[in-house]
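See structure below.
Number of protein chains: 2
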Amino acid sequence: MTDSERRIPEATVARLPVYLRCLTELAEDRIPTISSERLADMAGVNAAKVRKDLSYLGSYGTRGVGYDVEFLLFQMSRELGLTQDWPVVIAGVGNLGQALANYGGFTDRGFPVGALVDVDPSKVGTSIAGVNVHHIDELPELVADKGIAIGVIATPAGAAQAAAERMVAAGITSILNFSPSVLSLDADVSVRKVDLAVELQILSFYRRRSDGAAAVGSSPLDA
Amino acid sequence: MTDSERRIPEATVARLPVYLRCLTELAEDRIPTISSERLADMAGVNAAKVRKDLSYLGSYGTRGVGYDVEFLLFQMSRELGLTQDWPVVIAGVGNLGQALANYGGFTDRGFPVGALVDVDPSKVGTSIAGVNVHHIDELPELVADKGIAIGVIATPAGAAQAAAERMVAAGITSILNFSPSVLSLDADVSVRKVDLAVELQILSFYRRRSDGAAAVGSSPLDA
DNA sequence: TAGATTGTTAATCGATTAACAATC
DNA sequence: TAGATTGTTAATCGATTAACAATC
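Below, the structure is given as structure tokens:
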């Protein structure tokens, strides 16, 4: 089968952004080519895994030489859909929501904060980091007007499911859930979960054992 | 072999905190017992997985009845090492560090912010959410005095490796890394990584495909 | 050509799941 | 006893890794 039709394993997809960051760094340093061995070092994995992962994108390496940094960067960006910005809406402007809005990390990486929404009328009309807070009722118009592609849930646990449902109703199919709650949504909605308490609890488990670094990870929790 | 000696798989460890939260909820609602089927629903996994996961803790269920919520809660807390608080130190009080310090989510779940450190002298001496900011040089004394168990890295990428090394030198063996960088540390140090940009990029990948919800997850990225 | 490094195969390992005997 | 549900086995699936032929 041709490379255009192979399905990329989930575990590989989760590593592509890590390679992407390494390649970006290499490109900034004007390094023209990179071997799987060196890229593996940078990404904190082994070389066989790098070669296997990259082979899902196509045969972009050159035997005896390595991978062309710029070319691989381009192919990988394309595969990840990162050749354009994807505006996000953050639901819930409490402590966490405000922090995320102020944190430049989203915008810098191609995910500008296009809108903020909350259910609290006293928050509506304020603005955070230059973005206005709207009532969550306005989600459908905001999604349409700002081209929102991804929803970020930063509400308390009790409000998360409702917020998610309203996002989906407004046409959003990708959700990043920071609330400590399990969302039930249609199977065609992609959900990823980030739970700071869960990460700390996992560290606590391995601490107790004091047999060290079994904690490997960037952590997608089951949605 | 007896239940005290079996090794708990990594994938199971990562789910225990999720079960723990479900059980806490059930206990608050005064629900005395729970079946694997119902717990699976709450946790967003299937029942076979729940039973297998719980079996690593011991044979704590009753056939025909289910699991005693309070008892399982206790056993699981014990296994995760959550019968006591584990104070954390946050390194880097920029946007993200301040947000994490202000966010109550850590303290609420048994991980109080015991100290804040930074390299910037202009930040030292200030205080955030009632916690003083110290210079990172003071880490060893802070760790000893406050009983710090876990280090949280909220520095820019360029400062992360140095901050981690100073944490390890100060006796910390568990690190939660929010910076977009790969840490190289001794194998006996547990590292977990949370990278918001990576999560969004994974969502971007599955968006492009529009074949939906392959994004499953709480995301441990390789350390 | 000789050395380096990819891309792929095959072996291994770990995680998931279905099924069902055990047993409350 | 009959019904419910666990705990465990065995089958399956997916991910990792080592090894090496292909080839620059």
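Residue numbers (the UniProt record's numbering), protein chains in the order written: chain A, 1 to 223; chain B, 1 to 223.
Ideal Cβ placement from N, Cα and C applies to all residues, glycine included.
Give a yes or no on whether the minimum CB-CB distance between Phe74 (chain B) and chain A is below 8 Å. no
Considering only the alpha carbon of each residue, which of B:His135, B:Ser55, B:Leu183 lies closest to Val89 (chain B)? Ranking the options by Cα distance to Val89 (chain B), first place goes to B:His135.
Is there at least one Cβ from chain B nearer than 8 Å to Arg6 (chain A)'s Cβ? no
Given this structure, state the Cα-to-Cα distance separating Gly147 (chain A) from Gly114 (chain A), to the nearest angstrom. 8 Å
Beta-carbon contacts of Ile31 (chain B) that lie in its chain and below 7 Å, excluding the five residues immediately before and after: Val69
Chain B contact residues for Ile202 (chain A), given Cβ-Cβ distances below 7 Å: Val13, Ala14, Pro17, Arg192
Asp53 (chain A): first and last residue of the uninterrupted alpha helix (DSSP H) it sits in: 47–55
For a test of the three-state rule: what should DSSP assign to Gly61 (chain A), helix, strand or coil? strand
If you measure from the beta carbon of Arg51 (chain B) to each beta carbon in chain A, is any gap under 8 Å? no
Check Asp120 (chain B) in the structure and name its three-state DSSP category. coil
Does Phe106 (chain A) have its Cβ less than 8 Å from a Cβ in chain B? yes
Contact set between the stretch 138–164 of chain A and chain B, restricted to residues whose Cβ is under 7 Å from the partner: Only those residues of the stretch 138–164 of chain A whose C-beta falls short of 7 Å from the nearest C-beta of chain B are listed: Ala149, Ile150.
From the DSSP output, in three-state form, read off Ala154 (chain A) for me. Coil at Ala154 (chain A), not helix or strand.
Which chain A residues sit within Cβ distance under 8 Å of Arg63 (chain B)? Simply none; closest approach about 27 Å.
Under 8 Å, Cβ to Cβ, is there at least one residue of chain A near Pro180 (chain B)? At least one chain A Cβ lies under 8 Å of Pro180 (chain B).
Does the beta carbon of Asn102 (chain A) come closer than 8 Å to any beta carbon on chain B? yes
Look at the alpha carbon of Ser190 (chain A) and the alpha carbon of Ala144 (chain B), and state the distance between them as a whole number of angstroms. 44 Å
Under 7 Å Cβ to Cβ from Arg78 (chain B), same chain only, skipping five residues before and after it: list those, please. none
Residue(s) in a DSSP beta bridge with Arg78 (chain A): Note: Arg78 (chain A) sits in no beta bridge, so no partner.
Using three-state DSSP, classify Leu67 (chain A) as helix, strand or coil. Residue identity differs from the one stated: residue 67 (chain A) is Tyr in this sequence, not Leu. If DSSP states are grouped into helix, strand and coil, Tyr67 (chain A) belongs with the strands.
Looking at Ala99 (chain B): is its Cβ nearer than 8 Å to the Cβ of Ala163 (chain A)? The answer is no: Cβ separation not under 8 Å.
Only counting the same chain, and skipping five residues up and downstream in sequence, which positions put a Cβ closer than 6 Å to that of Arg109 (chain A)? none
Can you tell me which of the three DSSP states Val88 (chain A) falls into? strand
Ordered along the chain, which non-local residues of its own chain (more than five positions away) have a Cβ less than 6 Å from that of Val45 (chain A)? none
Provide the residue span of the beta strand (DSSP E) that contains Ser190 (chain A), from first to last. 190–193
Considering only the alpha carbon of each residue, which of B:Met76, B:Ser179, B:Asp188, B:Met42 lies closest to Glu104 (chain A)? Note that residue 104 (chain A) is Gly in the sequence shown here, rather than Glu. Minimum Cα distance to Gly104 (chain A) is reached at B:Ser179.
Could you check what DSSP says for Ile128 (chain B) in three-state terms: helix, strand or coil? DSSP, read as helix, strand or coil, puts Ile128 (chain B) in strand.
Going by DSSP, name the residue or residues bridged to Asn95 (chain A). Asn95 (chain A) pairs with nothing; no bridge assigned.
Who pairs with Ser174 (chain B) in a beta bridge, going by DSSP? Paired residue(s): B:Ser190.
For Val13 (chain B), the first and last residue of its enclosing alpha helix (DSSP H): 10–28
Could you tell me if Ser122 (chain A) is buried or exposed, where buried requires 16 or more neighbouring beta carbons within 10 angstroms of its beta carbon? exposed
So Thr107 (chain B) is in the alpha helix (DSSP H); what residue range does that whole segment cover? 105–108
Using DSSP with H/G/I as helix, E/B as strand and the rest coil, what is Arg207 (chain A)? In the structure shown, Arg207 (chain A) sits in a helix (DSSP, three-state: H, G or I).
For the alpha helix (DSSP H) holding Val143 (chain A), just list the boundary residues, first then last. 139–146
Measure the Cβ-Cβ separation of Thr83 (chain A) and Asp53 (chain A) and say whether it is below 8 Å. no
Going along chain A, which residues have a C-beta under 7 Å from Asn95 (chain B)? Within chain A, the residues near Asn95 (chain B) are Asn102, Tyr103, Gly104.
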